[in-house]
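Worksheet for the structure shown next.
Protein chains: 2
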Amino acid sequence: MTFMTPSAPSSSTATRPDSDAPAAGRYLEHPATEDIRLEEVLHALADPMRLTVVRELAAASAEVACSEVPLPVSKSTTTHHFRVLREAGVICQVYRGTSKMNGLRRADLDALFPGLLERVLAAAAAQEDRLAGK
Amino acid sequence: MTFMTPSAPSSSTATRPDSDAPAAGRYLEHPATEDIRLEEVLHALADPMRLTVVRELAAASAEVACSEVPLPVSKSTTTHHFRVLREAGVICQVYRGTSKMNGLRRADLDALFPGLLERVLAAAAAQEDRLAGK
DNA sequence: GTCAAACTACGAGAGTCGTCGTAATATGAC
DNA sequence: GTCATATTACGACGACTCTCGTAGTTTGAC
């Protein structure tokens, strides 16, 4: 009953180096789908910076590098926020050359919490419109 | 465009003493509907204790006193969590005698973030079932 | 008035969080 | 090999959070 995201891990510890990932040498720990906890997901989404990241990833068609999401904080803080999102199970991260590509774990989240991510994204968009004077 | 919950505040500062509230002498500050922020709501819901409280309130038919929601923490900590929920705009609180009655601000939240609360409650229920071995 | 019940205010402690800068690492191009 | 780019690890700082106990307030019943 483990849903697999393309290029997303499903085992408990780290991404296994079985397939020929293009120039992949380091692997990142991701929680297994069944280990994702609602409280941690909500906590991860409760930060403005991280919510911005998630919205960017949701709007993007392909994977996005960390440096492609501009945040008004330092590089190390950006790294920190991406890690929180990954450890909460909200995003998956894969090394690709000197970059780290990020993608939403939509399928996993929808399997566990149907409609939740969609409603949060819609709520964020609605609030942005409302605060911008509509 | 301000949605009114029965016995819920709508102005910015505190509940107004206009109607004949039964034995009401103290009033509590609630955020106006338009001042509720998604990030604060998510943060309020991200705590296990507070999520428990919200689920209890959602399941209850009428208003619930603070002492009717048993939490494995002290009284003062319980008070703290109820205040966080109130200040985030998730619940409304009214003094009634020696008790403080609590109710979800469902209408306000649904007006701002349609379907969000429902999805969070469903997600919490789903996770509980899943972790209990289904 | 006295008394108990429900809740709060206050202060405190341990822990976590968001932020930063600097030093270090991995990769790809040269 | 050198070099630039992208990201991380580490330690630090202030701020916030969760928890508690004790003392206090408000209310309703007596």
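Chains R and P supply the protein sequences, listed in that same order. Here the working numbering = 1-based position in the first sequence + 160. Here the working numbering = 1-based position in the second sequence + 160. All C-beta atoms in this analysis are idealised placements derived from N, C-alpha and C, irrespective of residue type, glycine included.
(message) DSSP three-state label for E278 (chain R), please.
(response) helix
(message) Using 7 Å as the threshold, is the C-beta distance between L217 (chain R) and L211 (chain R) below it?
(response) no
(message) Once DSSP output is grouped into helix, strand and coil, what is the label at V250 (chain P)?
(response) coil
(message) Could you give the first and the last residue of the continuous alpha helix (DSSP H) run that contains L217 (chain P)?
(response) P208 to A219
(request) Give me whichever residues DSSP pairs with S259 (chain P) in a beta bridge. (result) P:R256
(message) DSSP three-state label for P182 (chain R), please.
(response) Reliability fails at P182 (chain R), whose pLDDT of 37 lies under 50, so the model's placement of it is uncertain and the value that follows must be treated cautiously. Residue state, collapsed to three classes: coil.
(request) Identify which residue in P:L264, P:H241, P:Y255 and P:V214 has its Cα closest to the Cα of T193 (chain P). (result) P:L264
(message) Strictly under 7 Å for the Cβ-Cβ distance: is P208 (chain R) near chain P by that measure?
(response) yes
(request) Drop a sphere of 10 angstroms on the beta-carbon of R246 (chain P), count the other beta-carbons inside from all chains shown, and report buried for 16 or more, exposed for fewer. (result) buried
(request) Please report the residue range of the alpha helix (DSSP H) in which H203 (chain P) lies. (result) L198 to L205
(message) Strictly below 7 Å CB to CB, what residues from chain R border A192 (chain P)?
(response) Within chain R, no residue comes near A192 (chain P); the closest Cβ sits about 13 Å away, beyond 7 Å.
(request) Please report how far the alpha carbon of A284 (chain P) lies from the alpha carbon of E200 (chain R), in whole angstroms. (result) 12 Å
(message) Using beta carbons (cut-off 7 Å, strictly below), is E216 (chain P) in contact with chain R?
(response) no
(request) Tell me where the alpha helix (DSSP H) around R266 (chain R) begins and ends. (result) R266 to L272
(message) If the cut-off is 9 Å on Cβ atoms, which residues from the region 226-244 of chain P count as contacting chain R, listed in chain order?
(response) none
(request) Give the interface partners of A286 (chain P) over in chain R, defined as CB-CB distance under 9 Å, in chain order. (result) L198, L272, F273 and P274
(request) Return the residue from the list R:G275, R:N262, R:T237 and R:V233 that minimises the CA-CA distance to S221 (chain R). (result) R:N262
(message) Suppose you measure from the CA of L188 (chain R) to the CA of V224 (chain R); what does that come to, to the nearest Å?
(response) 16 Å
(message) Quick check: what's the CA-CA separation for G293 (chain P) versus S234 (chain R)?
(response) 43 Å
(request) Answer with buried or exposed for A248 (chain P), where buried requires no fewer than 16 other C-beta atoms within 10 angstroms of its C-beta. (result) buried
(request) Counting only the same chain and skipping the five closest in sequence on each side, list residues whose C-beta sits under 7 Å from that of P191 (chain R). (result) E247 and G249
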